[in-house]
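Asks: Chains as they are written, first to last, in the numbering used here: chain F, 677 to 1070; chain L, 1199 to 1401; chain A, 786 to 943.
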């Protein structure tokens, strides 16, 4: 059968959203996938060349809404690497507290959305209700639920108010019983085992060849985590474990994220208890000419920033690399050969930005468009319902 | 498969007993935490009109306009609510002990007409040069400087005249008598260029 | 498991004709400038034999020439090696590394459309980030870029 691809979109009267993924299928199996990005390109690297070093932090925060700490953290470490200089201890602990609290809320968000894609809408709403407690903690610490305006080259901008600490600890301790219950409910469910095990496997050689990052790589046995390999902040002063599994399928990625939530809760509580005194800011005035690199482990992988300074008060070049940029090409290795009802959960397993995952379309070998993004989610939910019927559950 | 159902039942019963997690906004007001970063508000007594907040704002959400041709000379500062990102850099940069502009807890900021309602203003009195009419600074800014440099105020006629006028100590009769006796331009409130010219030349 | 000194000495002896400069900035950062012809040899040696992880490649317009920096991280000794190549500003071109390992595929597409660098031998060179309507030959990250879209709004828009 000759393959002919008819270009449809991105702005077409029959579609709801611009085209993003194109899956070519033969019957039920995916033969090929093509990813096109760029609908959200905002020119941030050029914009940071027009702002001063302090002002650029605010632009950088707004790259991503979910991991709003990772980009400023990596950027401020890159600017401090140009000089190079070490920030005071109290600033390191405060930065770690904000970063780990954000990791908890990001993993809970992923859990809820994975539940939605599989048809477990109750998990979706319960987990997001739990997430509200964490967002309250962030509002008490920083003043806002997102876009914290806490980071600055040389330290942090605001101090932790000791009046808030008992309420913060109470809220964090309050979510632990519910996370325990969720963990047992997910790890014991036979339908989820059947649905997620053995699907979307990324082998260790492919993970190294594509240079995959974060939970996507740790699920395949690649034991790399920036917080352990090149410690910064307070990560070398606190006791915690790195979670690595062997199989590389979607089940392992879910397990890693749940277990990492426990480690983050441990780190936050230890850091609050051991917060040292002292200054929170170095008051850096001038950045000398030079180059600097900063890396931080975001919930999705390693964020990498490169800054070059020419002695003025503006960056001469600022390169931003989000972790999803290295993880997205792995779709070619994980989705090909799987069925289309599993496509949405495999694409969700690397935890990309969710507005991207919905822009999918499926074409058959003659180029006719069969399904859109919401249809694929519905297919996935229907498969779960059918599995439940077959296994006699509910 | 009864055991998992018991676990989920606990959560369901707890939710039934406690009630819905959401609040009944707008029938109940929502008060955020004390450290919430809301709308920045100017304080007319503390603000000195130095424009430091305008220079550091990352989003360029503060602007100003100097009105010198009609009536009392004044400087109008604008803060654009729809451009502001509520970061707090203006509050950190404020030279009047971080109190000239402060972030409040206000978060209900929607408006209808972008041309008239999207900004807040404050007015400060301006000091003009007595020879050429150029803008020197706001009167409160000159007071702020004199309070901090103490006796060094008496090094510059601009500074000490403005200070003494505020205190009400300058006698207008003596000033007008001095005005007619040569080099009298040295005893006026002047901008930097006019001060150079009166010091170095005999015009 | 090699040490940091062994790794650096190995690179300096094995490629001594191709290395122009080595800057040992701090225990964690090494910047090595190499000749553009040697990028495929040195890049694949570091990735495959030294078992490094490829981080990203950043292209910089340094006013008199165009530079590309390839960042590799060696986690077992906590070292980040950055390879720097300097290219001619009029027609910058270099061999593509995408045939040696797949991680560098997307970055080279991005650099070719934003800075105008030609990568010889890239398997699928097409647009990654810029839309279809963007004119050819206009490279946004270059220092002499000028606005071409007359309808773009540049102020508050009221």
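Even glycine gets a Cβ: it sits at the ideal position worked out from N, Cα and C.
It should be emphasised that the depicted structure is a prediction, and the values quoted were computed from it without experimental measurement.
Helix, strand or coil: how does DSSP classify residue 1345 of chain L here?
Replies: helix
Asks: Evaluate the contact criterion for the region 990-997 of chain F versus the region 1011-1018 of chain F: three or more CB pairs, one atom per stretch, below 8 Å.
Replies: no
Asks: What does the alpha-carbon distance come out to for the pair residue 1257 of chain L and residue 824 of chain F?
Replies: 16 Å
Asks: Hey, residue 1277 of chain L and residue 1260 of chain L are a contact pair by Cβ (cut 8 Å); roughly how many whole angstroms apart?
Replies: 5 Å
Asks: In chain order, which continuous runs of the beta strand (DSSP E) of length 3 or greater are located wholly inside the region 894-942 of chain A?
Replies: 903-905
Asks: Excluding the 5 residues preceding and the 5 following residue 848 of chain F in the sequence, name in chain order all residues of the same chain whose CB lies nearer than 7 Å to its CB.
Replies: 813, 941, 944, 945, listed in sequence order.
Asks: Less than 7 Å between the beta carbons of residue 948 of chain F and residue 767 of chain F, yes or no?
Replies: no
Asks: Mapping DSSP to helix, strand and coil, what is residue 858 of chain A?
Replies: It is a strand residue.
Asks: Does the distance from the CB of residue 734 of chain F to the CB of residue 1024 of chain F come in under 7 Å?
Replies: no
Asks: Looking at the C-beta of residue 1053 of chain F, does it have a partner C-beta in chain A at a distance below 7 Å?
Replies: Cβ-Cβ to chain A under 7 Å: no for residue 1053 of chain F.
Asks: Checking 7 Å against the spacing of the C-beta atoms, do residue 707 of chain F and residue 698 of chain F come in under that value?
Replies: Taking 7 Å as the Cβ cut-off, residue 707 of chain F and residue 698 of chain F do not qualify as a contacting pair.
Asks: How many Å lie between residue 858 of chain A and residue 1002 of chain F at the Cα?
Replies: Each residue's Cα considered, the two are about 14 Å apart.
Asks: Which residues, taken in chain order from the region 961-986 of chain F, show a beta carbon closer than 9 Å to some beta carbon of chain A?
Replies: 966, 967, 968, 969, 971, 978, 980, 982, 984
Asks: Alpha carbons only, please: which of A:905, A:861, A:837, A:918 is nearest the one belonging to residue 821 of chain A?
Replies: A:905
Asks: Are the C-beta of residue 938 of chain F and some C-beta of chain A separated by less than 7 Å?
Replies: no
Asks: Please identify, using Cβ separations under 8 Å, the residues of the region 1218-1247 of chain L that lie next to chain F, in order along the chain.
Replies: 1219, 1230, 1231, 1233, 1234, 1235
Asks: Of all the CB atoms in chain A, is at least one closer than 7 Å to the CB of residue 751 of chain F?
Replies: no
Asks: For residue 895 of chain A, which of A:788, A:853, A:933 has the nearest alpha-carbon?
Replies: Nearest of A:788, A:853, A:933 to residue 895 of chain A, Cα basis: A:853.
Asks: Would you list, in chain order, the members of the region 779-797 of chain F that have their beta-carbon closer than 7 Å to a beta-carbon of chain A?
Replies: none
Asks: Would DSSP call residue 1220 of chain L helix, strand or coil?
Replies: coil
Asks: For the alpha helix (DSSP H) that contains residue 792 of chain F, what are its first and last residues?
Replies: 765-794
Asks: Listed in chain order, which residues of the region 1001-1028 of chain F have Cβ atoms closer than 7 Å to some Cβ of chain B?
Replies: As a matter of chain content, chain B is missing from the structure shown, whose protein chains are F, L and A.
Asks: Which value, in whole angstroms, describes the spacing of the CA atoms of residue 806 of chain F and residue 851 of chain F?
Replies: If I take the Cα positions, the gap works out to 7 Å.
Asks: Give me the DSSP bridge partner(s) of residue 807 of chain A.
Replies: A:817
Asks: Going along chain L, which residues have a C-beta under 7 Å from residue 1084 of chain F?
Replies: The structure shown has nothing for residue 1084 of chain F, since chain F only spans 677 to 1070.
Asks: Output yes if chain L places a C-beta closer than 7 Å to the C-beta of residue 815 of chain F; else output no.
Replies: yes
Asks: Compare the beta carbon distance of residue 745 of chain F and residue 711 of chain F with 7 Å and say whether it is the shorter of the two.
Replies: no
Asks: Can at least three beta-carbon pairs, one atom from the region 789-799 of chain A and one from the region 839-856 of chain A, be found at a separation below 8 Å?
Replies: no
Asks: Flag this pair as touching only if the region 918-934 of chain F and the region 877-897 of chain F have three or more C-beta atom pairs under 8 Å; answer yes or no.
Replies: Contact between the region 918-934 of chain F and the region 877-897 of chain F is present: three or more C-beta pairs spanning the two stretches fall below 8 Å.
Asks: Tell me, to the nearest whole angstrom, how far the beta carbon of residue 859 of chain F is from that of residue 934 of chain F; I am working on the premise that it is less than 8 Å.
Replies: 5 Å
Asks: Cβ closer than 7 Å: which chain A residues qualify as neighbours of residue 835 of chain F?
Replies: Simply none; closest approach about 29 Å.
Asks: Check each residue of the region 867-898 of chain F: if its Cβ is closer than 8 Å to any Cβ of chain A, include it; give the result in chain order.
Replies: 884, 885, 886, 887
Asks: Based on Cα-Cα distance, which residue from A:835, A:865, A:927, A:827 lies nearest to residue 875 of chain A?
Replies: A:927
Asks: Hey, is residue 990 of chain F's beta-carbon within less than 7 Å of any beta-carbon in chain L?
Replies: no
Asks: What residue range does the alpha helix (DSSP H) around residue 860 of chain F cover?
Replies: 841-864
Asks: Using a beta-carbon distance below 7 Å, is residue 1285 of chain L in contact with chain F?
Replies: With 7 Å as the cut-off, residue 1285 of chain L counts as an interface residue toward chain F.
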